[in-house]
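Below is one structure, written out as structure tokens; the observations come after it.
Chains as they are written, first to last, in my numbering: chain D, 1 to 282; chain P, 1001 to 1379.
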């Protein structure tokens, strides 16, 4: 994504980060307000929409019956895919959009599925034969930086919004026969998202690093490190982007900062999700 | 299509609400956007403005009491407005009937069409009547330049003898080298050396301020001029993008907010510059020339020449006040902006908290108070 900024504006942004007062008044480690809506797509099993400033993403979860992988007969499957709508901006059209969407999809898979965030064994119905496949699809509606964090939070909100129907498995089952199932529409189970990690991206501009960078700030970055952390402060995934290299000591420092930020971030995310659930239920 | 859109909201809805619903889907606007792509294929690549959130988004993030407060504030504003204007403005939405006396003969203007012997609106806006002409003034339209407008724009191209600027209009604007004062301040013919040195005046992506000079009658391009010290390159600050109809044309668009050490330029095209105060008339342009001779700009020599923190605080506060007012859909006058800023300081609201929904609601209430005071003073 290209942002055109004049020298004076670039200097202003860099100066703001140096002086710990960014262009919209935030400090380096402040997130933008993050309103969440859940249940935005009625056809999906669960869905959520998150806005961070002008960044706007929707994530939907669709549960389908499938066959477990033969290597992991006791586990269900989760597939994450992110689509970059070309209506977002000119920079999302054609090849560039595809590159970004595959980059974001892999990053999300690594960050969220890395540290047993979703209990895959809970998705199994008949071992080796039948399981729930979760298709998690993200759609970027508008981009103002920090897409990965927003998507990560939206996945969490969408999963906690998901209601997976209960199934009756008909008992008379020969060894090589396909199991027959009966979906009960009124009864649901919820997915446990408490151990699902959150992603925190630290963007390095000059000597300092910031969280929740806007598009303008991202254009000034030398490198960015996305760290996914769970509730216990354990690292579940780590991705570095951007051209410039980083000292190991800087990365360690970034990790401790991210750990510190994550405590507050998880708390706000949880409260936002619960208010969204409450307002969508009413 | 038209029916369904107008069915979405009842006539009683406050104007600002339904505008936000039909934003981007009025037939007139889709038409305009189509035109744009044919007129200027580059535009799709260049334009990447992210407009700020609007009232509809804001309302979703409010809780029950905040919503009620905002509603009542907007209601009050509407009352003030309807009391101030002698005849209530006829607001129409798409496919609404416009009452005309066909016997007198009617000239249908912009935003109107015939349907079953009725005159109906094709855009949302206010019905205006000038003698026989009936037209609808859109409430949410793209910026339409008028001669003398002061605008803020971004250079997108340096071509022979001219700069091309993005100014939020359906075409790019053109600033000719000959229609600006040269840095040495002399009135003389521009030479080829001046033409070669154009990049030392403005480069690509520079934010500059200029005045609309007029339209070129041959190809319809918009010509700008910058014949004074107050126009020119803007540095050390941020540019905000707001809907252009929020900036009303007034006598004064340059504001030096002395108490904060900040310059604010309310461009008629909806680009607003908020930056550190610069003294005019001092040899700033000459320095630019010098630096171009040395082939190194002043800023590059002193990389840590940042805006002082105190100025930056005022600057960010003003910028956030503009963001809040634009979210609420209030006209951006310097009085309204300053009032919001002063109030936020006096009530100890942190700069970043100005963008929270609570402050938005409070800002709406303050605006109501300010307008009530204004009308009282007038009477």
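Just so it is clear, CB atoms sit at the ideal spot from N, CA and C, and this is done for glycine as well.
- Only buried fits residue 1169 of chain P, as 16 or more other CB atoms lie within 10 angstroms of its CB.
- Among the CB atoms of chain P, one or more fall inside 8 Å of the CB of residue 19 of chain D.
- A contact is defined here as three or more CB-CB pairs under 8 Å, and the stretch 1215 to 1228 of chain P fails this definition with respect to the stretch 8 to 25 of chain D.
- Close partners of residue 1198 of chain P in chain D (Cβ separation under 9 Å) are lacking, with about 15 Å as the shortest Cβ gap.
- Taking 8 Å as the cut-off between beta carbons, the residues of the stretch 1215 to 1246 of chain P near chain D are 1233, 1234, 1235, 1236, 1237, 1238 and 1239, in sequence order.
- Residues are counted here when their Cβ sits less than 9 Å from a Cβ of chain P; for the stretch 21 to 45 of chain D these are 21, 22, 23, 24, 25, 26, 27, 30, 32, 33, 35 and 37, given in chain order.
- At a beta-carbon threshold of 7 Å, the residues of chain D lying near residue 1355 of chain P are 24 and 33, ordered along the chain.
- Within the stretch 43 to 105 of chain D, the runs of beta strand (DSSP E) at least 3 residues long that lie entirely inside it are, in chain order, 46 to 52, 55 to 66 and 77 to 84.
- As computed with DSSP, residue 1176 of chain P is found in a beta bridge with P:1162.
- Sequence-distant partners of residue 1314 of chain P (beyond 5 residues in either direction) whose C-beta falls short of 6 Å from its own C-beta, in its chain, are 1260 and 1262.
- Beta-bridge analysis with DSSP links residue 1360 of chain P to no other residue.
- Residue 1080 of chain P places its beta carbon less than 8 Å from that of residue 1371 of chain P.
- With respect to residue 1337 of chain P, residue 1321 of chain P sits close: the two C-beta atoms are nearer than 8 Å.
- Nearest to residue 1207 of chain P by alpha-carbon distance, out of P:1121, P:1165 and P:1246, is P:1165.
- Minimum Cα-Cα distance from residue 114 of chain D among the listed residues D:234, D:146, D:263 and D:248 corresponds to D:234.
- Residues of chain D with a Cβ closer than 9 Å to the Cβ of residue 1061 of chain P are, in chain order, 33, 35 and 51.
- Collapsing the DSSP output to three states places residue 221 of chain D in coil.
- For residue 170 of chain D, none of the residues of chain P pass the 9 Å Cβ criterion, the least Cβ distance being about 45 Å.
- Per DSSP, residue 1226 of chain P lies in no alpha helix (DSSP H); the unbroken beta strand (DSSP E) holding it starts and ends at 1222 to 1226.
- With fewer than three CB-CB distances shorter than 8 Å, the stretch 215 to 224 of chain D does not count as touching the stretch 176 to 193 of chain D.
- Residue 1263 of chain P: member of the beta strand (DSSP E) spanning 1262 to 1266, first to last residue.
- Shown here for residue 1181 of chain P: same chain residues with a beta carbon closer than 6 Å to its own, the five before and five after excluded, namely 1227 in chain order.
- With a cutoff of 8 Å on beta-carbon distance, residue 193 of chain D and residue 223 of chain D are scored as not near each other.
- Only residues of its own chain outside the window of five on either side were considered, and among them 133, 134, 135 and 136 have a CB closer than 8 Å to the CB of residue 79 of chain D, listed in chain order.
- Annotation: residue 52 of chain D to residue 1342 of chain P spans about 27 Å, alpha carbon to alpha carbon.
- Sixteen is the threshold: when 16 or more other Cβ atoms of the shown chains lie within 10 Å of the Cβ of residue 1213 of chain P, as they do, the residue is buried.
- When P:1093, P:1215, P:1241 and P:1131 are compared, the shortest CA-CA separation from residue 1153 of chain P is found for P:1241.
- The beta carbon of residue 1119 of chain P sits no closer than 8 Å to any beta carbon of chain D.
- One alpha carbon belongs to residue 72 of chain D, the other to residue 204 of chain D, and they sit about 40 Å apart.
- Taking 7 Å as the cut-off between beta carbons, the residues of the stretch 2 to 18 of chain D near chain P are 4, 5, 6, 7, 8, 9, 11, 12, 15, 16 and 18, in sequence order.
- Contact of residue 1124 of chain P with chain D is not assigned, every C-beta pair being separated by 8 Å or more.
- Put simply, the backbone Cα of residue 131 of chain D is about 12 Å away from that of residue 180 of chain D.
- Per DSSP, the unbroken alpha helix (DSSP H) holding residue 15 of chain D starts and ends at 7 to 18.
- Per DSSP, the unbroken beta strand (DSSP E) holding residue 208 of chain D starts and ends at 208 to 211.
- For the set P:1225, P:1191 and P:1335, the Cα lying nearest the Cα of residue 1256 of chain P is the one of P:1335.
- Residue pairing of residue 1255 of chain P in beta bridges, as defined by DSSP: P:1264.
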